[in-house]
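See the structure below:
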C-alpha cells in the first residue's frame, strides 16, 4: 500500500495544474531559456537553439480536448503565434518550393514567439485555473492553429509548440486554400491573423477577428492574469456613433448621444468574445475568486465620460456584460494608458491607435470594421508583415 | 474468265474501284469512335465500383430481397430503358472523368489515367439497363464484370484494381484481406454541393492510411501511453494501411500536373482529417508521409473534435474512415463516406467494445 501511495504522489506532481503551459514548471530537463535575439545580416532575429528532448504530456484526469461548441475557441495563424519574417522573405523572394525546402531544412529550429504568443500563454494559465476549479467542465479556452501553410511545415510548427510548452493540439493546415470556411466549423470565437484580407473575410462571416502586428518593443505582461483591452465604438459597439462623429462633428455627436442615452448601441464584432470572457469570469466568481480572477477586461475608449459615456455603460449593462475597468479618455492618446494596463492584447478599429499602442510596446490588434476604415490610410504598409 | 482477262478488266475498272475503296475507307474511318480509348490496367489507376454504389438501386434491391431473383430480373428487363438514379459513388466517378479530361489535354498519349470498371454481382440480363444508364449520364465505363453471383475478388486482381467500392461489406473485407484498397460506401443523408472541376478525397489517418498499431495502444492502454509511445517513436515511420496505395496513385497523377506547372490549378486535392492531436502525436504522421514520399494537400488535426462540421466545409467527393462512428457523423452533415473495415476499430463502437457479429454462412 505504501508503494501505491508513493506512486500516486508522483503522478499528481506530474499533473500539477501549473504544469501545462506554465513556463515555470517545465517539462523539459533544461530550463526554457528565451531565445537570444541574435540579429542576422537581414536585421531580423534568428534562433539557433535546436529542440531538446521533450516528454509527453499527461492528459488523463482532466479535460484537455473540449468540444468546440462548449469551449471558447481561439484560432491563431502561424504568423502571429511565431515570428516567421525570415521565412516570409524566403517565400516572397524565392518562391514556394524553396520556401518548403528551407522549412524542412530548419525543422528542428524552433521559431521565436510572435505577437499572439503571450496572449496564448495567458489563455493556458486561465485554463489551468479553470481545470482546478471545474475538473470536468469543457468550458475552457481551446486554441486552434489555422494556417495557409503546407503540411511540410507542420513538423517545424509542432516542434516549436512543444519547445515552448504550449498546448495546441488542433491544426488546420490548408496548403494554400482559404481557412475561413473551417473557422465556422470550429465554432471559432476569435480569429487572429497577420493578413488583413482574411480578417475581413472572417468579420464578414460574423466571426470576431483582428489583424495582429509585430512590435519591436514588447512590454512585459502578467503571467498569471489574462488582460484584454477593448476599444468601444466599432469594436464592442457598432460604428453608428462613429459615423455621426465623422459626418457631423463632435457637438452633434454629443447631442445625439445624450438624446439617445437609453437606446442601446448596436453590437460590434468583438462583443461575442467579450461575452465569452465574461462567461468564464463568472465561473471564477461562483467559486468566490472574484478578487483573484485570472481574467481582467478593460474598456479604453476615446469617448468622454460625461458627454457620451453613459450610453456605453448602459449598453453593456443591458447586454449583461461586466467590464472590469473602464477608461474614458476624451481624446487623450491611448498609448500611455495601455502601457500602464499592460494587456496581452488590445483591440481597436483605427490604425492610428493601433500604431500608437505599438510604439509604446503594447500588443495591439486591428479590427478592420466600420466607417473608420475609409478615413484612415495605413501609415506604413510595411507594418503589416 | 482467264487470268489475263481478269487482270485486264481489273486494270480498266481501277479508277472506279479506287473511288469505292476510298469511300469504303472513309466510311470505315468514320466508324472509329471519337471517344477516347480506355487505358491498359497496368498503367491506369483502376477504380472498381459496384452497380449499387454507382446507381441508386434501393428499390430494385428490395424486390430482390423480398420477391426473389426471377422477379428481380423480370423487373429489370421491364425497366430497361429507364435510367437509374445516381448513387453514392456517382459524383466521385464524374470527378474522376473530369480529371481524365484534364490529363488527356496535357498528356494526349499517356495511359496514366483513371480507369473505371463496373464490378457487379448482377446477372448479364441486367447489363442492358446498366449500359443504358451509363450512356444516359455520358460516363466512360467500358469495362464490365458481371459475375452473376461469384465473388469478384479474383477479377479485381486481374484488373490491377487500385480501389474497390461496394455496398457489400463482406466483399470489401475480402478485398482488403487480399491487399486491395476497398471501402463500403454509404449515401449521405443530405446532399452537399460538390465541386465539378476538382476531385477532393479525404482520408482518416490511423487504420486507413496507416496501420492500426497506434489505435491498438489507445484502445488498450489509454491516451497518455499513446502520447508517450508516439513521442518515443516519432522518427519511426508507421506501417502502411489499406488506402496508402490509393493515395500514392493519386499523388502520382498530381505530380503530372505539377510537372506542367499546374500546381495552383491541380484538379486533385487530398485531405487528411485525423482525430490525432498535433503537438502530441502529429509529428509522427507527417514524418511517415514524408518518408513514403507522399504529399497531402491539407492536414487537419482534430484532437478529438467531431469530423462532421469540418468535412461539411471540405466537401470531399469521398471520405474514408475506419470507424462507423465517424462515418455516421459525416453522413449526418451531407458528406459521402466510405467505411474501411480494417483494424481494431471494428471491435469498438463509440469507445465501447462490441462483440463481432457471428459470421454468416
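Residue numbers (the working numbering), protein chains in the order written: chain V, 1 to 385; chain W, 1001 to 1361. Glycine residues also receive a C-beta, built at the ideal position from the N, C-alpha and C atoms.
Helix or strand or just coil, what does DSSP make of residue 1342 (chain W)? coil
Hey, could you find the ends of the beta strand (DSSP E) residue 1273 (chain W) is sitting in? 1268-1274
Just to confirm my understanding: we take residue 143 (chain V), look at its own chain, exclude 5 residues before and 5 after, and list those with CB closer than 7 Å. What are they? 74, 76, 120, 123 and 168
Can you give me, in chain order, the residues of the region 165-177 of chain V that have a beta carbon less than 8 Å from any beta carbon in chain W? 166, 167, 168, 169, 170, 171, 172, 173, 174, 175, 176 and 177
Rounding to the nearest angstrom, what Cα-Cα distance links residue 1224 (chain W) and residue 1213 (chain W) in this structure? 15 Å
Beta-carbon spacing of residue 1307 (chain W), residue 1330 (chain W) below 7 Å: yes
Contiguous beta strand (DSSP E) assignments of at least 3 residues, all confined to the region 116-182 of chain V: Complete beta strand (DSSP E) runs here, min 3: 141-147 and 170-173.
Mapping the DSSP letters down to three states, classify residue 1144 (chain W) as helix, strand or coil. DSSP places residue 1144 (chain W) in strand when its eight states are reduced to three.
Would you please verify whether the beta carbon of residue 23 (chain V) is less than 7 Å from any beta carbon of chain W? In this prediction, residue 23 (chain V) has a pLDDT of 37, which is less than 50 and means its spatial position is unreliable; nothing more can be read from the coordinates.
Does residue 1210 (chain W) come within less than 7 Å of chain V when only Cβ atoms are used? Chain V, which has no Cβ nearer than 7 Å to the Cβ of residue 1210 (chain W), makes this no.
Hey, does residue 246 (chain V) have any beta-carbon neighbour from chain W nearer than 7 Å? No, its Cβ sits nowhere closer than 7 Å to a Cβ of chain W.
So what does DSSP say about residue 1020 (chain W), is it helix, strand or coil? helix
By alpha-carbon positions, which one of W:1120, W:1138 and W:1069 ends up nearest to residue 1083 (chain W)? Closest by alpha carbon: W:1138.
Give me the subset of the region 1279-1302 of chain W whose CB atoms are less than 8 Å from a CB atom of chain V, sorted by chain position. 1279, 1280, 1282, 1283, 1286, 1287, 1289, 1290, 1295, 1296, 1297, 1298, 1299, 1300, 1301 and 1302
Going along the region 1218-1236 of chain W in order, which residues come within less than 7 Å of chain C, judged by CB to CB distance? You won't find chain C in this structure, because its protein chains are V and W.
Going by DSSP, what residue range makes up the beta strand (DSSP E) through residue 345 (chain V)? Going by DSSP, residue 345 (chain V) is part of the beta strand (DSSP E) stretching over 345-348.
At the level of alpha carbons, what is the spacing between residue 193 (chain V) and residue 345 (chain V)? 13 Å
Anything in chain V within Cβ reach of residue 1312 (chain W), meaning under 8 Å, just list it in chain order. 185
Tell me the DSSP secondary structure of residue 191 (chain V) in three-state form. strand
Would you mind telling me which residues of chain W sit closer than 8 Å to residue 59 (chain V), beta carbon to beta carbon, in chain order? 1223, 1224, 1227 and 1280
Report the residue from V:140, V:164, V:153 and V:270 whose alpha carbon sits nearest the alpha carbon of residue 368 (chain V). V:270
Figure out for me which residue from V:191, V:371, V:359 and V:322 has the closest Cα to the Cα of residue 350 (chain V). V:371
Quick check: what's the CA-CA separation for residue 1222 (chain W) versus residue 1303 (chain W)? 14 Å
Out of V:215, V:213 and V:267, point me to the one whose CA is closest to residue 312 (chain V)'s CA. The residue with the shortest Cα to Cα distance from residue 312 (chain V) is V:267.
Apart from the five residues just before and just after residue 360 (chain V), which ones in its own chain have a Cβ nearer than 7 Å to its Cβ? 335, 336, 338 and 339
Any idea if residue 186 (chain V) is buried or exposed, counting beta-carbon neighbours within 10 angstroms, 16 or more meaning buried? buried
Under the assumption that residue 1271 (chain W) contacts residue 170 (chain V) (Cβ atoms under 8 Å), give the Cβ distance between them as a whole number of angstroms. With a beta-carbon spacing of about 15 Å, residue 1271 (chain W) and residue 170 (chain V) fall beyond the 8 Å limit used to define contacts.
Name the residue from W:1095, W:1131 and W:1251 whose alpha carbon lies nearest to the alpha carbon of residue 1077 (chain W). W:1131
Report all residues from its chain with a CB closer than 7 Å to the CB of residue 44 (chain V); omit the five preceding and five following residues, and keep chain order. Confidence at residue 44 (chain V) is low in this model, with a pLDDT of 44, below 50, so the placement of that residue should be treated as unreliable; the coordinate-derived value is given next. Cβ within range, chain order: 85 and 86.
Residue 295 (chain V) by DSSP, collapsed to three states: which one? strand
Considering only C-alpha positions, which residue in the set V:71, V:135, V:95 and V:153 is nearest to residue 111 (chain V)? V:153
Pull up the CB-CB distance for residue 1247 (chain W) and residue 1294 (chain W), whole angstroms please, since I reckon it's below 8 Å. With 8 Å as the limit, residue 1247 (chain W) and residue 1294 (chain W) qualify as a contact, their Cβ atoms being about 6 Å apart.
Under 7 Å between the Cβ atoms of residue 1175 (chain W) and residue 1153 (chain W)? The answer is yes: Cβ separation under 7 Å.
First and last residue of the alpha helix (DSSP H) that includes residue 1177 (chain W)? First-last of the alpha helix (DSSP H) with residue 1177 (chain W): 1169-1177.
Bridge partners for residue 1045 (chain W) per DSSP, in chain order? Bridge partners of residue 1045 (chain W): W:1114.
Quick one, are the C-beta atoms of residue 294 (chain V) and residue 126 (chain V) less than 7 Å apart? yes
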